[in-house]
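Inspection log for the structure reproduced underneath, given as structure tokens.
In the working numbering, the protein residues as written are 255 to 658.
Here it is in structure tokens:
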């Protein structure tokens, strides 16, 4: 979509409560003089307190009315100053692809076609695509097809986001997220009816892969061609049994680069991709976990290392892809303070027959050492403390309010 340029160009950034996928975008583009329009279904998400937040608008909640959410984004994007919308969550990636023609009439996006998106978001189909591309992936089957429970297995959703484009239980206005993961002991037969009811669809069963390390590979593609890529090693997740990275260090591993690009090339990818990998403890291979076609939880760490994907996305959407500089610093570490707290809580809350629970003492020593080595925190910018203060106040209010 070609747009006449006004006195100041704007970017639309949908946001939930969590700042991890939106604040780096607001800060990156706001500091460059681009007007950041931050829209949310919440009255006061922490990102509204950032000095780089140009406008604050309201949206319907996507899980309450997905079509209404889509139409509200289209209405804002129709403004002559808005050049693009940054996908911050699963619903954004879904509606940008499914309603691609409607969005392209009013704004420039960098989003995959719906058939490509659907294949990447269907973990059964994604596993098949990985096999076709010749890259490692755990053996993957539908829950309804499994009759042998002796191996070490995990059960997880076939789709993170349930919508009418993926399952027949939802109308176009309905959506729900399912992110449950169940670790099974060898020989343990799960309650299949209970799982089907909880997950609202037939989930997948995968072989458990014992991993020595977990990695994230991020990329921005232009119709099958990479514009920028990035890698980091996840040293701690938000749970000791896995999850999003909360302490990470940037790396560059040629084998990981080759593995990820083979898959994205095979999919003829277009847009953002965040791919999670496990390094097999026995073979050393990088084994695929999932693809997310949006900004990612550890985006603050990515930008801290010099890989400014929010700006890359803006450049690609506004016809300046040739100006992208994809270089970044190696061995750059950063922490999510709230995520580190979640890791500690997981020592008491989570359980897995496959992963040994760390002791509290060992965890404390590791954390103190890592904060000494890498003191950078995701949201504590001295020139923009509003986000940190707002987030801390919200946590305090929730704690004082208590359950219920």
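Just so you know, even glycine gets a beta-carbon here, dropped at the ideal spot from N, CA and C.
Spatial distance of residue i from residue j (CA atoms)
{"i": "residue 629", "j": "residue 502", "result": "12 Å"}
{"i": "residue 375", "j": "residue 516", "result": "17 Å"}
{"i": "residue 451", "j": "residue 604", "result": "22 Å"}
{"i": "residue 449", "j": "residue 635", "result": "43 Å"}
{"i": "residue 420", "j": "residue 428", "result": "12 Å"}
{"i": "residue 660", "j": "residue 335", "result": "Residue coverage of the chain in this structure runs from 255 to 658, which leaves residue 660 outside it and unanswerable."}
{"i": "residue 621", "j": "residue 631", "result": "13 Å"}
{"i": "residue 536", "j": "residue 464", "result": "8 Å"}
{"i": "residue 596", "j": "residue 476", "result": "36 Å"}
{"i": "residue 277", "j": "residue 555", "result": "12 Å"}
{"i": "residue 403", "j": "residue 496", "result": "22 Å"}
{"i": "residue 401", "j": "residue 551", "result": "36 Å"}
{"i": "residue 411", "j": "residue 438", "result": "15 Å"}
{"i": "residue 317", "j": "residue 430", "result": "6 Å"}
{"i": "residue 328", "j": "residue 413", "result": "25 Å"}
{"i": "residue 557", "j": "residue 563", "result": "7 Å"}
{"i": "residue 580", "j": "residue 616", "result": "37 Å"}
{"i": "residue 577", "j": "residue 567", "result": "11 Å"}
{"i": "residue 355", "j": "residue 559", "result": "35 Å"}
{"i": "residue 528", "j": "residue 274", "result": "14 Å"}
{"i": "residue 490", "j": "residue 302", "result": "28 Å"}
{"i": "residue 569", "j": "residue 326", "result": "24 Å"}
Test item: CB-CB of residue i and residue j under 9 Å
{"i": "residue 343", "j": "residue 270", "result": "yes"}
{"i": "residue 381", "j": "residue 542", "result": "yes"}
{"i": "residue 522", "j": "residue 370", "result": "yes"}
{"i": "residue 494", "j": "residue 395", "result": "no"}
{"i": "residue 406", "j": "residue 462", "result": "yes"}
{"i": "residue 300", "j": "residue 641", "result": "yes"}
{"i": "residue 709", "j": "residue 459", "result": "Any question about residue 709 goes unanswered here, given that the chain covers just 255 to 658."}
{"i": "residue 593", "j": "residue 498", "result": "yes"}
{"i": "residue 513", "j": "residue 539", "result": "yes"}
{"i": "residue 534", "j": "residue 390", "result": "yes"}
Enclosing beta strand (DSSP E) for residue i [first to last residue]
{"i": "residue 565", "result": "Premise fails: residue 565 lies in the alpha helix (DSSP H), 563 to 571, not in any beta strand (DSSP E)."}
{"i": "residue 544", "result": "540 to 546"}
{"i": "residue 487", "result": "479 to 493"}
{"i": "residue 526", "result": "525 to 534"}
Cβ neighbours of residue i in the same chain (closer than 8 Å, five flanking residues each side left out)
{"i": "residue 637", "result": "305"}
Beta-carbon proximity list for residue i, same chain, < 6 Å, skipping 5 on both sides
{"i": "residue 565", "result": "282"}
{"i": "residue 347", "result": "341, 547 and 548"}
{"i": "residue 600", "result": "493 and 494"}
{"i": "residue 284", "result": "290 and 306"}
{"i": "residue 589", "result": "501 and 631"}
{"i": "residue 658", "result": "Because the pLDDT of residue 658 is 44, which lies under 50, any placement of that residue in the model is unreliable, and the question is left without a value."}
{"i": "residue 321", "result": "426 and 427"}
{"i": "residue 295", "result": "313 and 315"}
{"i": "residue 272", "result": "none"}
Proximal residues to residue i (C-beta, below 7 Å), its chain only, five neighbours per side dropped
{"i": "residue 505", "result": "485, 486, 487 and 584"}
{"i": "residue 330", "result": "266, 291, 293, 311 and 336"}
{"i": "residue 425", "result": "418"}
{"i": "residue 520", "result": "383, 386 and 387"}
{"i": "residue 363", "result": "338, 339, 350, 357 and 571"}
{"i": "residue 609", "result": "494 and 495"}
{"i": "residue 262", "result": "289 and 335"}
{"i": "residue 256", "result": "Note that residue 256 scores 49 on pLDDT, short of 50, meaning its location in the model is unreliable; the coordinates nonetheless yield the value given after this. So no residue of the chain qualifies."}
{"i": "residue 433", "result": "411 and 414"}
Supposed close pair residue i, residue j - CB separation, criterion 8 Å
{"i": "residue 524", "j": "residue 366", "result": "5 Å"}
{"i": "residue 456", "j": "residue 416", "result": "Going by Cβ atoms, the distance from residue 456 to residue 416 rounds to 12 Å, so no, they are not a contact pair."}
{"i": "residue 618", "j": "residue 481", "result": "Actually they are not in contact, since the Cβ atoms of residue 618 and residue 481 sit about 41 Å apart, beyond 8 Å."}
First through last residue of the alpha helix (DSSP H) which encompasses residue i
{"i": "residue 596", "result": "591 to 603"}
{"i": "residue 322", "result": "320 to 331"}
{"i": "residue 516", "result": "508 to 521"}
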